[in-house]
Amino acid sequence: MSGAKYWFGCRQISPEPPGDAIACGPYDTKEEAIRERDRARAWNYRITVVFAADTEEEAGKKAEEWTL
């Protein structure tokens, strides 16, 4: 993970059916990702923890898995 950036995943869960998971980022620092994650919170969204990923594809896979 040499070029890792920070991301978080989110998925709209209401109304039904749930939306697609998306990876939000990349952010250069974990603190920046946490700040943006806190801003994205909403009652109808499932939000993941902040995670590191090297590519947008890798981040998208994690967002999909972690918001089921």
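Residues 812 to 879 in our numbering are what the sequence shown spells out, letter by letter.
The C-beta atom is built at its ideal place from N, Cα and C for all residues, glycine as well.
Just so it is clear, the structure is predicted and the values come from calculations on it, not from any experiment.
For A851, there is no enclosing beta strand (DSSP E); the enclosing alpha helix (DSSP H) covers residues K841 to A851.
According to the DSSP assignment, A834 belongs to the beta strand (DSSP E) that extends over I833 to Y838.
Residues of the same chain with a CB within less than 8 Å of the CB of K873, apart from the 5 flanking positions on each side, are W818, G820, A834, T859, F862 and A864 in chain order.
Here R857 is actually not in contact with T840; their C-beta atoms are around 24 Å apart, not less than 8 Å.
In this structure, G814 sits away from Q823, with a CB-CB distance that is not shorter than 7 Å.
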